[in-house]
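Just so you know, numbering that gives the first Met the number 0 puts 165 at position 166 of the sequence shown, and the rest follows in order with no gaps. In what follows, a single structure is set out as structure tokens and then discussed.
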Amino acid sequence: MIPTRTSTSPAVGETDILNVLGPYIALEHRLSIERRDDHDQDDTTRAVIDIRNGKSAALDRMLRDSTVQEAAGEGGLVNRRWRHDGYDVVSHYDSVHRANALSLRDRRGREWRLGLVSSSFVQIFWLDKPRVDAQTRHALARAFNDATAYGERIQQVSRKAPHPRRTVRATGRQT
Numbered sequence: 000m001i002p003t004r005t006s007t008s009p010a011v012g013e014t015d016i017l018n019v020l021g022p023y024i025a026l027e028h029r030l031s032i033e034r035r036d037d038h039d040q041d042d043t044t045r046a047v048i049d050i051r052n053g054k055s056a057a058l059d060r061m062l063r064d065s066t067v068q069e070a071a072g073e074g075g076l077v078n079r080r081w082r083h084d085g086y087d088v089v090s091h092y093d094s095v096h097r098a099n100a101l102s103l104r105d106r107r108g109r110e111w112r113l114g115l116v117s118s119s120f121v122q123i124f125w126l127d128k129p130r131v132d133a134q135t136r137h138a139l140a141r142a143f144n145d146a147t148a149y150g151e152r153i154q155q156v157s158r159k160a161p162h163p164r165r166t167v168r169a170t171g172r173q174t
């Protein structure tokens with residue numbers, strides 16, 4: 000939310016980010032103007048912005064964009080799947096927990112549960128298609144770590160590369 004006030008008139012504007020999908024941001028802007036004659040004025044505007052060029056985008060064009068389709072996955076709202084090299088990430092709505100249960104599924108059909116996501120809409124952003132450079136990866140990790148201070152419950156999942164085994168050779172004389 001970004002509030003704005005002017006000193007000459009009692010006006011307040013707030014902008015909320017509703018969703019980010021691929022290179023598009025859905026925004027809602029609310030404007031409220033208080034008038035001395037008690038004829039206050041309120042207005043709400045929603046827009047989708049393509050951050051690649053900063054221009055407004057039509058919703059139907061956005062939904063046909065391959066980057067949006069890749070981030071949103073395949074399937075309906077209850078069951079979704081994101082394909083990747085050698086495995087899929089699968090989301091099933093869990094009505095008991097009122098959350099999306101995420102699993103990792105290999106090509107043999109074996110599944111490993113990853114956890115629950117309480118968001119109504121799940122998106123996957125692959126960091127290796129195209130491969131993200133070390134500076135961008137570090138900035139993303141810092142942003143996620145900083146987000147934990149916002150008061151919301153945050154979970155971050157990562158895969159650490161295994162450490163290579165080190166062979167220790169004894170030097171000196173053995174008896």
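Glycine is no exception: its CB is placed at the ideal position from the N, C-alpha and C atoms. Everything numeric in this text was worked out from a predicted model, so none of it was measured.
- Taking a contact to require three or more Cβ pairs closer than 8 Å, the region 112-125 and the region 42-60 do not qualify as touching.
- Linking residue 19 to residue 68 through their CA atoms gives a straight-line distance of about 13 Å.
- By alpha-carbon distance to residue 33, the top candidate from 104, 41, 107 is 41.
- Per DSSP, the beta bridge partners of residue 32 are 10, 40.
- When rounded, the separation of the alpha-carbon atoms in residue 21 and residue 124 is 8 Å.
- Put simply, the region 71-87 does not touch the region 37-53. Fewer than three CB pairs are less than 8 Å apart.
- With a threshold of 16 other beta carbon atoms within 10 Å, residue 140 falls short and is exposed.
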